[in-house]
Amino acid sequence: MMRRILVVEDNELSRELLCDWLEAESYQVASAANLQQAFAAIQERPPDAVLLDVQLGNQDGLSVASWIRQQPALSHIPVIAVTAHAMLTEQERIFQAGCNAYVPKPVDFKLLTEQLERWLALPSPSHSKE
Ligand code: MN
152 MMRRILVVED NELSRELLCD WLEAESYQVA SAANLQQAFA AIQERPPDAV LLDVQLGNQD
212 GLSVASWIRQ QPALSHIPVI AVTAHAMLTE QERIFQAGCN AYVPKPVDFK LLTEQLERWL
272 ALPSPSHSKE
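With the working numbering as the guide, the letters of the sequence shown map in order to residues 152 to 281.
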């Protein structure tokens, strides 16, 4: 079964690179360029994991992580932050928002895949019937 990853990244080139890499690694990919698109994509079809750029232009990408953690039906979804500022205060903000892990920019794709596999391997709760 293919796992479905939502890539949230405002930079078009970075977004395409991430999506291309994930597709090459046999993931199904959806993408969003801002908070509104991310919320809509997650509600429309919850992904198996979210790759989340922390800085979405002037929006705080971490809002997506905190929002996911507040939704009982979605709160189990792994969220991996991608950040250009991997210093300690930023790491704290990332984990406080509910992200499972982070990967520094520029993205090391091998590391990214390792993190994805690690968090996707966790047993997810059985979904309630609609
Ligand atoms: Mn960005």
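From the three backbone atoms N, C-alpha and C, an ideal C-beta is built for every residue, glycine too.
Note on SER177: under 16 other CB atoms within 10 angstroms of its CB, so exposed under the neighbour-count rule.
The residues VAL159, ALA183, VAL215, in chain order, have a CB closer than 6 angstroms to that of ALA189 in the same chain once the five nearest residues on each side in sequence are set aside. ASP204 sits close to VAL233, with the two beta carbons spaced by under 8 angstroms. If you ignore the 5 residues before and after ALA252, its C-beta comes within less than 6 angstroms of the C-beta of ILE231, GLN266, all in its own chain and listed in chain order. Excluding its 5 nearest sequence neighbours in each direction, LEU186 has C-beta neighbours in its own chain below 7 angstroms: LEU207, GLN210, SER214, VAL215, listed in chain order.
Excluding residues up to 5 positions away in sequence, ALA200, ASN251, TRP270 lie with their Cβ nearer than 6 angstroms to the Cβ of PRO229 in the same chain. Secondary structure of LEU164 (DSSP, three-state): helix.
A check of alpha carbon separations from ALA237 across ALA224, LYS256, ILE219, GLN247 identifies LYS256 as the nearest. Of the other Cβ atoms in all chains shown, fewer than 16 fall within 10 Å of the Cβ of ALA191; this residue is therefore exposed. Contact between ILE245 and LEU202 is absent: CB atoms are separated by about 13 angstroms, not below the 8 angstroms threshold.
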